[in-house]
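Numbering (my numbering), first residue to last: 757 to 1293.
No residue lacks a Cβ here, since even glycine has one placed at the ideal position from N, Cα and C.
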């Protein structure tokens, strides 16, 4: 289904304010865009990187705009400072201990001292959250035409945002000086995926991502970016949403390519909520009991402070073992923005015709399974971890690759694969975690060397990280790999199929090799054929 009409106003605003590309002042820290004039900063620790930490791309989704499609910010010549990171979108801090809030906390949103297990809404989160941050080389100009990465953070559609320490790419930009990085917030959990009976559009977090992309497409040239080379990049739930958004707008993708780290649209959606029971359950417990009037229910819920909604819902989920009801709010198929069968869409030619890089980590589920609080040194049952890694991740990337390969028989579009297998103590507190979910993020972003236990960084780790950065940058620069040595071809990395066989790159394996070309069957066959899976290759 075509969705272009949904955001016609957005495109008109972003394209109609000025016909000429906006510019910057002499010091390069003040940039004129179509929606405002923004002054960034330079962190002395990274003197060759400009940072614009908080730029709105949509109006605050508060009051009557709560649970509505994002409204793009209006054209403006007003001046703003973009010195501080925006609030993350509203989210709850679970009381339940896990690796993320206890051991690998640099993946958590910044909390300004609030307890990560507070059992309340994060004070650094807010409904007014539709902002993005931009990092560029210090000397980028209108003529630079640098490739652009637009990153959508993960967090299981429950947590996450721009202001996550491990996910700030300043070290990578400082090193490369050849690309621009943008990270955007989007509404999550009940704020972004309410599935309320009174709404016409449900998966509004997907639309937040689309409006962010439209803003970047319309304005990134002012920062030195090439809008024809924007790669939209998501990790985990961010990758799922990025892939879904690309399919929803397959006939007008705006993006030149996708990077999907540990998350694609082929993820298993194991529940449905056709009766809108979750939203009504929460509404009734907050005094909005209108069982036969969904509009009144929605109007009432718009008057309830988001902190009360988050605190009730989060607290209830913290104690879900004592209840038969678990009110979760994530993506659900509506056959408009989120579809129930992406393989079928690929067969029918309804998939985005742009290059994709798909990746997993070797031991994904080790950080996602039940927290082994009483035996942290030993870790969880590895056999169970392997089964869940295969079911949740190996099958997902295998199905994604197969669907894209089928689609490419009609129109050849490259799909690249990699597996991250590193196990480095500077970012991995327990050896049994291995290459856990998201552990490739600090490697690519460069934050492995600036956060965590920096004294534990090894030369091999540095070589792996910098090689990953160089390979992904080559993809950003030329995702099609044109010519014999274009894009990833210059590293001998060929697309999956199409002359490259079922190949993928493995970074940081235990054999001590920085990068190795291996068969993707080492991951896929565990799903397709039921062979034994190796979580520490």
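Between the CA atoms of residue j and residue i - distance to the nearest angstrom
i, j, result
"residue 972", "residue 882", "22 Å"
"residue 825", "residue 1053", "18 Å"
"residue 927", "residue 1290", "32 Å"
"residue 1243", "residue 1046", "57 Å"
"residue 1100", "residue 1088", "17 Å"
"residue 865", "residue 1240", "42 Å"
"residue 997", "residue 962", "6 Å"
"residue 1156", "residue 1070", "32 Å"
"residue 811", "residue 787", "11 Å"
"residue 1000", "residue 1114", "14 Å"
"residue 886", "residue 850", "23 Å"
"residue 1149", "residue 1128", "21 Å"
"residue 924", "residue 1200", "10 Å"
Under the three-state DSSP convention, the category residue i falls into
i, result
"residue 1294", "Any question about residue 1294 goes unanswered here, given that the chain covers just 757 to 1293."
"residue 1172", "strand"
"residue 989", "strand"
"residue 880", "coil"
"residue 845", "strand"
"residue 1282", "helix"
"residue 1237", "coil"
"residue 784", "coil"
"residue 934", "coil"
"residue 874", "coil"
"residue 775", "With a pLDDT of 36 at residue 775, under the threshold of 50, the predicted position of this residue should be treated as unreliable, though the coordinate-derived value follows. DSSP places residue 775 in coil when its eight states are reduced to three."
"residue 1221", "helix"
"residue 939", "strand"
"residue 828", "strand"
"residue 897", "coil"
"residue 982", "strand"
Selection from the options that minimises the alpha carbon distance to residue i
i, options, result
"residue 1264", "900, 1244 and 1216", "1216"
"residue 1375", "957, 1279 and 1105", "Coverage of the chain is limited to positions 757 through 1293, which leaves residue 1375 absent and any answer about it impossible."
"residue 1190", "1226, 815 and 1145", "1145"
"residue 936", "889, 948, 944 and 1017", "889"
"residue 853", "861, 1060 and 1114", "861"
"residue 820", "924, 1142, 807 and 947", "947"
"residue 993", "856, 1269, 799 and 909", "909"
"residue 1096", "874, 1023, 1276 and 1213", "1023"
"residue 791", "785, 833, 807 and 815", "833"
"residue 1106", "1262, 1160, 1020 and 1271", "1160"
"residue 847", "1224, 941 and 1181", "941"
Residue range of the alpha helix (DSSP H) that includes residue i
i, result
"residue 1098", "1098–1103"
"residue 1057", "1050–1057"
"residue 975", "960–975"
"residue 1073", "1062–1074"
"residue 855", "855–858"
"residue 1214", "Note, residue 1214: premise wrong, no alpha helix (DSSP H); not H, not E."
Paired residues, beta bridge with residue i - DSSP
i, result
"residue 1242", "Partner(s): none; residue 1242 has no beta bridge."
"residue 892", "806"
"residue 1159", "Answer by DSSP bridge pairing: none, since residue 1159 is not bridged."
"residue 1020", "Answer is none; residue 1020 lacks a bridge partner."
"residue 1273", "1261"
"residue 836", "794"
"residue 1014", "988 and 1112"
Extent of the continuous beta strand (DSSP E) run through residue i
i, result
"residue 810", "805–812"
"residue 1141", "Segment 1138–1145 is the alpha helix (DSSP H) holding residue 1141; no beta strand (DSSP E) there."
"residue 1116", "1112–1117"
"residue 908", "902–908"
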